[in-house]
Amino acid sequence: MSYDTPILLLTFNRPEFVKEQILLLRKIKAKYVYIFSDGPRIKNELDRLNVSKCRNILDNEIDWNCLVKKKFEKNNIGCGLGVSGAITWFFSLVEEGLIIEDDCLLSESFFEFAEEMLNKYRFDESIAGITADYRISSKDSFSYGLIPFPLIWGWATWKRAWDGYKPFLNQLKSFNLPSKVLKMPLKQRNYWEKNFKKIIESDIPHTWDYQFTYLVLNRDQKFIHPFTNLVKNMGFNDDATHTKMVNEFSFLETGFLRKPYKANFKSSRYEEFLSRKVFSERNFYDKYRHKLKPLIKNTLKSFKYKLYK
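Taken in order, the sequence shown gives residues 54 to 362; the numbers are from our numbering.
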């Protein structure tokens, strides 16, 4: 059997990640594969080499029976306009689908879960998407819940949820923050206001996801999340655009989401976790503690290994 929900794969200059994604898509027999490949940066020969390697994989290793559409850029568009433009292109061709960045490796169980949720909530305007992300646990589960934030380390959504997206946030002024943000505690409100303003003040947006978050928060919509983590973000390294330092969410283990899926919309545990740990303004200590802790832990592991070797 093939996997019939359309999939958008977003790629740039990491051929080793692209290869892993193609292996996974081959395994699930993805029937509709849409590919975005950003171009190399100006005068960057390493980019040119690696983008070429990625495209060679994309051209030659999708060898199962499927429909493939490609959007290969000659020049570098960048994370902000490139990814958002690719998603807009995707939804000009399909009504719903999965969106995967090359460094986010999904658990196989997310694909079936996402497909069922896309079908079940297709016409529910209060739901904006489905994430694979659950940073609290990787234990197997049957349950799924709701959060008010989009999480985009492997996710699925509908064209209806993306419609209205604007990459520059020109509509945002201090007096028209989403009402949900205005009701948040100060540290959380400051976090969103600060990041929204960065987008407004940028000539070219450095990212695309805060703009989508603004859209979801402004519409007071929800994202569905599993009660187990179904994605491993492999992109925490010096080559990354936004995740250069290893932190407590790097390379999380994945669990398995089992059927029959059970809705648990009463729990606010994950919303509270994200509000406290991720989407909140931090002081100097808080900002670096979550980055230094895993570095110290990995250094100690390495030291013990060398000591007893």
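All residues carry an ideal CB built from backbone N, CA and C; glycine is no exception.
Since we're looking at a predicted model, the values are computed, not measured.
Item                                                                                                                         : Value
Boundaries of the alpha helix (DSSP H) in which ASN286 is found, first to last residue                                       : Premise fails: ASN286 lies in the beta strand (DSSP E), 284 to 286, not in any alpha helix (DSSP H).
Straight-line gap, VAL234 to ASN172 (C-alpha atoms, nearest Å)                                                               : 30 Å
Three-state class that DSSP yields for LEU158 in the structure shown                                                         : strand
Buried or exposed by the 16-neighbour rule on C-beta atoms within 10 Å, applied to MET237                                    : buried
Closest residue to THR184 among TYR323, MET287, PHE221 (Cα-Cα distance)                                                      : TYR323
Touch test, the segment 264 to 281 against the segment 189 to 204, Cβ-Cβ under 8 Å, three pairs minimum                      : yes
Sub-7 Å separation of LYS84 and ASP57 beta-carbons                                                                           : yes
Whether ASP186 touches PHE70 by CB criterion (7 Å)                                                                           : no
Endpoints, beta strand (DSSP E) assigned at ARG311                                                                           : 310 to 316
Cut-off 6 Å between Cβ atoms - residues of its own chain near SER196, not counting five sequence neighbours on either side   : PHE280, LYS315, ASN317
Residue burial classification, PHE176 (beta-carbon count within 10 angstroms, cutoff 16)                                     : exposed
Terminal residues of the beta strand (DSSP E) in which GLY182 lies                                                           : 180 to 184
Exposed unless 16 or more other CB atoms sit within 10 angstroms - verdict on LYS340                                         : Any answer about LYS340 is weak, because its pLDDT of 48 lies below 50 and its placement is not dependable; what the coordinates show is given next. Classification of LYS340: exposed, given that the 10 Å Cβ count is below 16.
With 16 other Cβ atoms within 10 Å as the buried cut-off, status of MET54                                                    : exposed
Segment limits, beta strand (DSSP E) that includes TRP211                                                                    : 208 to 211
CB-CB length for TYR244 against PHE332, believed under 8 Å                                                                   : 5 Å
Residues near ILE180 in its chain [Cβ-Cβ closer than 6 Å; skip 5 each side]                                                  : TYR174, LYS275
Bounding residues of the alpha helix (DSSP H) (the contiguous stretch that carries PHE326)                                   : 322 to 330
Cβ contact (3+ pairs, closer than 8 Å) linking the segment 124 to 143 and the segment 256 to 266                             : yes
Among ASP100, PHE89, ASN248, ILE81, the one whose alpha carbon lies nearest that of ASN118                                   : ILE81
For ASP57, the three-state DSSP class (helix, strand or coil)                                                                : coil
Coarse secondary structure for THR296, derived from DSSP in three states                                                     : The pLDDT assigned to THR296 is 44, lower than 50, so where the model puts this residue is not dependable; a value taken from the coordinates is nonetheless given after this. The answer is coil: DSSP assigns THR296 none of H, G, I, E or B.
Rounded C-alpha distance that separates GLY198 from ILE277                                                                   : 6 Å
Whole runs of the alpha helix (DSSP H) within the segment 218 to 247, excluding any shorter than 4 residues                  : 232 to 235
Chain-order list of residues whose beta-carbon lies under 7 Å from that of SER162 (same chain, five-residue window excluded) : LEU283, PHE309, LEU310
Local Cβ density within 10 Å of ASP256, reported as buried at 16 or more and exposed below that                              : exposed
Residues sharing a beta bridge with ALA41, DSSP                                                                              : Absent from the structure is residue 41, since the part of the chain shown begins at 54 and ends at 362.
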